[in-house]
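Numbering (the working numbering), first residue to last: 80 to 251. Just so it is clear, CB atoms sit at the ideal spot from N, CA and C, and this is done for glycine as well. A short write-up of the structure that comes next.
Below you can see the structure in the form of C-alpha cells.
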C-alpha cells in the first residue's frame, strides 16, 4: 500500500514588518505503512497491525526576491533498512553566495540544529515547544463555492460520522 502526492504548488509567506515576500515550494507527501511477515519487515504493505503515517520527501526551496536570501531544503524519506523518519537537512545562502552560511539538520516535527560557518552550533528550532496557533477561517456561508472548506464540507461531515460510502459519494 503506497500513496504519493506530488505537489507543484508555490506558497508565499509575507513578513509584514519588513515588507518581505518569501516564495516557497512544498515537499511530496507519502502514505506509509509497515507490517511484519515471518519476521521480515515489508514496507508499503497493507496491514491492520500497524498505524500508517505520512512521510514528507523531496527537495524544496525558499526565496526572497527583496533580500536575495534563499534556502534549499531536503525532506529525507526513511530508508528501507534502518534510518529514522521525518529527517530534514537545509542550507541557507546569503545573496549571491554559492556556499551556505548555515546548515540545518534534524527532524521537521522535532528539533532542528544549526551549524554556522562561524563555528557556532545551536538549536535552530524545537517544534515541540512551539505554541499551537489556531487558524482563522471564514465562516462557510462567507466562502465561495470552490474554497476548500466549502467544497469539502459534505466529505468532512460524513467522515466525522464514519459514513465512508456517503463521504465517497460526496467527492463526486
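In whole angstroms, what separates the C-alpha of residue i from that of residue j?
i           : j           : result
residue 167 : residue 185 : 6 Å
residue 92  : residue 103 : 8 Å
residue 192 : residue 169 : 10 Å
residue 156 : residue 239 : 30 Å
residue 130 : residue 217 : 33 Å
residue 222 : residue 228 : 8 Å
residue 248 : residue 241 : 13 Å
residue 288 : residue 225 : Nothing about residue 288 can be read from this structure; the chain reaches only from 80 to 251.
residue 151 : residue 109 : 20 Å
residue 119 : residue 137 : Because the pLDDT at residue 119 is just 44, under 50, the model does not fix this residue reliably, and the point stays unresolved.
residue 205 : residue 245 : 40 Å
residue 234 : residue 219 : 14 Å
residue 251 : residue 180 : 49 Å
residue 209 : residue 232 : 29 Å
residue 161 : residue 203 : 26 Å
residue 149 : residue 98  : 16 Å
Between which two residues does the beta strand (DSSP E) holding residue i run?
i           : result
residue 194 : 190 to 195
residue 212 : First-last for residue 212: undefined, no H or E at that position.
residue 92  : 89 to 94
residue 200 : 200 to 205
residue 100 : 99 to 104
residue 187 : Here residue 187 belongs to no beta strand (DSSP E), and DSSP marks it neither H nor E.
Terminal residues of the continuous alpha helix (DSSP H) containing residue i?
i           : result
residue 153 : Looking at the DSSP string, residue 153 is not in any alpha helix (DSSP H); the run it does join, the beta strand (DSSP E), is 149 to 155.
residue 237 : 232 to 239
residue 46  : It is not possible to answer for residue 46, since the shown part of the chain is limited to 80 through 251.
Using a Cβ-Cβ distance cut-off of 8 Å, determine whether residue i contacts chain D.
i           : result
residue 182 : In the displayed structure, chain D is absent; only one protein chain is listed.
Mind reading off the beta-carbon distance from residue i to residue j? Whole number of angstroms is fine, and I expect it under 8 Å.
i           : j           : result
residue 106 : residue 143 : No, residue 106 and residue 143 are not in contact; Cβ-Cβ is about 19 Å, not under 8 Å.
residue 159 : residue 135 : Going by Cβ atoms, the distance from residue 159 to residue 135 rounds to 17 Å, so no, they are not a contact pair.
residue 175 : residue 147 : 7 Å
residue 101 : residue 141 : 5 Å
Using the Cβ count rule (16 or more neighbours within 10 Å means buried), how would you classify residue i?
i           : result
residue 111 : buried
residue 200 : exposed
residue 94  : exposed
residue 133 : exposed
residue 171 : buried
Exercise. Taking three-plus beta-carbon pairs below 8 Å as touching, is the stretch 184 to 201 in contact with the stretch 151 to 165?
Worked result: Counting Cβ pairs under 8 Å, three or more are found: they touch.
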